[in-house]
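For the sequence shown, the working numbering assigns the number 32 to the initial residue and increments by one for each residue that follows.
Report on one structure; see the data block that follows.
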Amino acid sequence: MIVVPLGIASATPTAIRHLPAVALWREGSVYLFDCGENAQMRMLQAGLKRSKIDSIFISHFDVDHYSGLMGLISTLQLQRRDRELNIVGPKGIKEYVEWNLNFSGVTLSFDVNFVEVEEDIEEQRVIDGEDFYVEARPLKHKRFCLGFRFQEKDKPGKVDAEKAQALGITEDDQFKELKAGNTITLEDGTTVESYEIVGHPRPGDSFAYISDTEYCPNSVKLAMNTNILYHEATFSNQLADKARETGHSTAADAARVATEAQTKLLVLGHFSARYTNLHVLLKEARDGFYPTWLANELRPIFTDPTHERGIVEVKVELKDLTKPDQSNHRGGGGGRGRSHGRDNRGGGGNRNFRSRKPRGRDDRGGGGGYRSRGGGGGRYDNNRGGGYDNNRGDRYSGGRSDYNRGDRNDRGNSGDRRYSSGGGNKYYTRNNDDQGKEEMPKRSISPRTSYDDFDRF
Ligand SMILES: [Zn+2]
32 MIVVPLGIAS ATPTAIRHLP AVALWREGSV YLFDCGENAQ MRMLQAGLKR SKIDSIFISH
92 FDVDHYSGLM GLISTLQLQR RDRELNIVGP KGIKEYVEWN LNFSGVTLSF DVNFVEVEED
152 IEEQRVIDGE DFYVEARPLK HKRFCLGFRF QEKDKPGKVD AEKAQALGIT EDDQFKELKA
212 GNTITLEDGT TVESYEIVGH PRPGDSFAYI SDTEYCPNSV KLAMNTNILY HEATFSNQLA
272 DKARETGHST AADAARVATE AQTKLLVLGH FSARYTNLHV LLKEARDGFY PTWLANELRP
332 IFTDPTHERG IVEVKVELKD LTKPDQSNHR GGGGGRGRSH GRDNRGGGGN RNFRSRKPRG
392 RDDRGGGGGY RSRGGGGGRY DNNRGGGYDN NRGDRYSGGR SDYNRGDRND RGNSGDRRYS
452 SGGGNKYYTR NNDDQGKEEM PKRSISPRTS YDDFDRF
């Protein structure tokens, strides 16, 4: 599951923070928690398709938490949605939506399944899907407000395929029975118990959304052992009184809930507009519960962090300096360009001289220089050092010296050509590719923000 904060402001939006809304993506469907103004735009910007919304959960009727609902419904109508939509909220949500539709004379093209929660509940399972459910509990705010927990049901354990094959289990039906926990009888009369083939059930992912509340036990119950707890942190400790007065939490309150619930990751949101530097809140929360992040609008958070790999691109490579082999060729840090130059020359002296003047030549050489010297070791070094570094220089901060080298090389272009006609085409081409001037167009230039990839989900 992926959590995407769409709006992290409280009450009033700021220039960079939008009204409350958090999207949860799971298996191609989107579950929206609160729907502040602009939520539908933020979805678009986050690359979340509005047509994929399965359910909308409204925590309470402070306007900032539902002001985007009618606009979003209108968009779904214009998109000619035909799938049913679940709208969950405190009692009155149905009246609100229907009144608005009547007022505008709109008849929806799709069915809406309203789930209204009465004020006197202790807890209620508001959605019960095939492989997940959503539970709601009342929180402690100035008006009736709901917190939600999205819980995947446990997944069946993994099947030991080798063991199954050895026992002669081949039919899909047999696997199905075993996965369901049943015992099967094979053709030769032997019985196979489920536990012989199927491992322990794997716990499902979980997410809790708790906004607009003082500290209360129900928050802890909702957040118990969750992968991600999204909790409001409207104020810092300094304004703890104001938090009590208005039925809100401080960052420390959020940390308290996270600690008591033993959640894996606490994400803070719903920030008062007075905080331009949110790190005050982060610090206070981390004093109580270290695994805390500040919600960042449109920045996806994975319930399983290992899934982030490949989606969030690594910008910096950490080098293992304990490996002498690497540091030899790639240099370790500042003196990189120079040590590299030395490699090219097969470890010769005249370091100062070389590092300045013949840089271009070395490069051209990709090795013209040492080639003429004809050293076998030299060629190897150059190939490795030069080729490798040139190829990657642009991507790693440490590659700057190579970048510069490429640039110089560019200026001394005629030299390159000469070299190239000499048969070193391979090096020439590669160097050429990597020259600073030609690096830039390789990256697609786009006015979009990094998270504004429309087909991502
Ligand atoms: Zn609020």
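Even glycine gets a Cβ: it sits at the ideal position worked out from N, Cα and C.
Drop a sphere of 10 angstroms on the beta-carbon of residue i, count the other beta-carbons inside from all chains shown, and report buried for 16 or more, exposed for fewer.
{"i": "serine 451", "result": "Low confidence applies to serine 451: its pLDDT is 38, below 50, so where it sits in the model is not reliable, and the reading given next is rough at best. Buried, because 16 or more other Cβ atoms sit within 10 Å of the Cβ of serine 451."}
{"i": "phenylalanine 134", "result": "exposed"}
{"i": "alanine 264", "result": "buried"}
{"i": "asparagine 213", "result": "exposed"}
{"i": "arginine 111", "result": "exposed"}
{"i": "serine 82", "result": "exposed"}
{"i": "tyrosine 226", "result": "exposed"}
{"i": "threonine 334", "result": "buried"}
{"i": "proline 121", "result": "buried"}
{"i": "alanine 46", "result": "exposed"}
{"i": "tyrosine 97", "result": "buried"}
{"i": "serine 237", "result": "buried"}
{"i": "arginine 48", "result": "buried"}
{"i": "tyrosine 321", "result": "exposed"}
{"i": "threonine 257", "result": "buried"}
{"i": "glycine 123", "result": "exposed"}
{"i": "glycine 364", "result": "In this prediction, glycine 364 has a pLDDT of 40, which is less than 50 and means its spatial position is unreliable; nothing more can be read from the coordinates."}
{"i": "aspartate 284", "result": "buried"}
{"i": "arginine 114", "result": "exposed"}
{"i": "tryptophan 56", "result": "buried"}
{"i": "glycine 220", "result": "exposed"}
{"i": "glycine 424", "result": "Residue placement at glycine 424 is flagged as unreliable, the pLDDT there being 37, under the threshold of 50; the coordinate-derived value follows with that caveat. With 16 or more Cβ atoms within 10 Å of its Cβ, glycine 424 is classed as buried."}
{"i": "histidine 279", "result": "buried"}
{"i": "serine 140", "result": "exposed"}
{"i": "leucine 109", "result": "exposed"}
{"i": "glutamate 315", "result": "buried"}
{"i": "valine 13", "result": "As shown, the chain starts at 32 and ends at 488. That puts residue 13 outside it, with no answer to give."}
Less than 8 Å between CB atoms is the rule here; does residue i satisfy it with respect to chain D?
{"i": "proline 169", "result": "Among the protein chains of the structure shown there is no chain D, as only one such chain exists."}
In this structure, what does DSSP give as the bridge partners for residue i?
{"i": "phenylalanine 333", "result": "Ile33"}
{"i": "asparagine 117", "result": "Ser86 and Asn144"}
{"i": "arginine 305", "result": "Note: arginine 305 sits in no beta bridge, so no partner."}
{"i": "phenylalanine 238", "result": "Phe181 and Ile259"}
{"i": "glutamate 166", "result": "Arg156 and Arg180"}
{"i": "arginine 57", "result": "Ser60"}
{"i": "lysine 186", "result": "Arg233"}
{"i": "valine 223", "result": "Ile215"}
{"i": "tryptophan 324", "result": "Val298"}
{"i": "alanine 40", "result": "Phe302"}
{"i": "alanine 52", "result": "Gly38"}
CB of residue i to nearest heavy atom of ligand 1: below 7 Å?
{"i": "histidine 301", "result": "yes"}
{"i": "alanine 42", "result": "yes"}
{"i": "proline 121", "result": "no"}
{"i": "histidine 96", "result": "yes"}
{"i": "serine 105", "result": "no"}
{"i": "proline 232", "result": "no"}
{"i": "aspartate 93", "result": "yes"}
{"i": "aspartate 19", "result": "With the chain covering 32 to 488 only, the question about residue 19 has no answer from this structure."}
{"i": "glutamate 169", "result": "The amino acid at residue 169 is misidentified as glutamate; the sequence shows proline. No, the Cβ of proline 169 stays beyond 7 Å of every heavy atom of ligand 1."}
{"i": "proline 36", "result": "no"}
{"i": "proline 51", "result": "yes"}
On a CA-only basis, which of the options is nearest residue i? Give me that one, please.
{"i": "glutamate 218", "options": "Gly199, Asp203, Glu227 and Val229", "result": "Gly199"}
{"i": "serine 105", "options": "Gly136, Asn213, Ala292 and Pro187", "result": "Gly136"}
{"i": "alanine 70", "options": "Arg57, Ile39 and Arg287", "result": "Ile39"}
{"i": "lysine 273", "options": "Thr244, Lys80 and Glu291", "result": "Thr244"}
{"i": "glycine 235", "options": "Glu161, Lys80 and Lys171", "result": "Glu161"}
{"i": "methionine 255", "options": "Cys247, Ala239, Arg48 and Ser267", "result": "Ala239"}
{"i": "valine 288", "options": "Glu315, Asn268 and Asn249", "result": "Asn249"}
{"i": "lysine 173", "options": "Phe92, Leu107, Asp159 and Glu224", "result": "Phe92"}
{"i": "aspartate 185", "options": "Leu177, Phe163, Gly278 and Phe175", "result": "Phe163"}
{"i": "aspartate 191", "options": "Asp65, Ile118 and His231", "result": "His231"}
{"i": "glycine 67", "options": "Lys171, Ala326, Gly278 and Thr43", "result": "Thr43"}
{"i": "isoleucine 158", "options": "Ile152, Asn117, Cys176 and Glu149", "result": "Asn117"}
{"i": "isoleucine 241", "options": "Phe64, Glu58 and Glu149", "result": "Phe64"}
{"i": "lysine 252", "options": "Leu75, Glu166, Leu55 and Ser140", "result": "Glu166"}
{"i": "glutamate 58", "options": "Leu75, Ala52, Gly220 and Ile84", "result": "Ile84"}
{"i": "glutamate 150", "options": "Gly300, Met32, Glu315 and Lys171", "result": "Lys171"}
{"i": "proline 331", "options": "Val128, Thr307 and Val298", "result": "Val298"}
{"i": "tryptophan 130", "options": "Met101, Glu147 and Leu325", "result": "Met101"}
{"i": "aspartate 247", "options": "Glu153, Val94, Val53 and Lys194", "result": "Per the sequence presented here, residue 247 reads as cysteine, with aspartate not at that position. Nearest C-alpha to cysteine 247: Glu153."}
What runs of the beta strand (DSSP E), each 3 residues or longer, lie entirely inside the segment 265 to 300?
Complete beta strand (DSSP E) runs here, min 3: 296 to 300.
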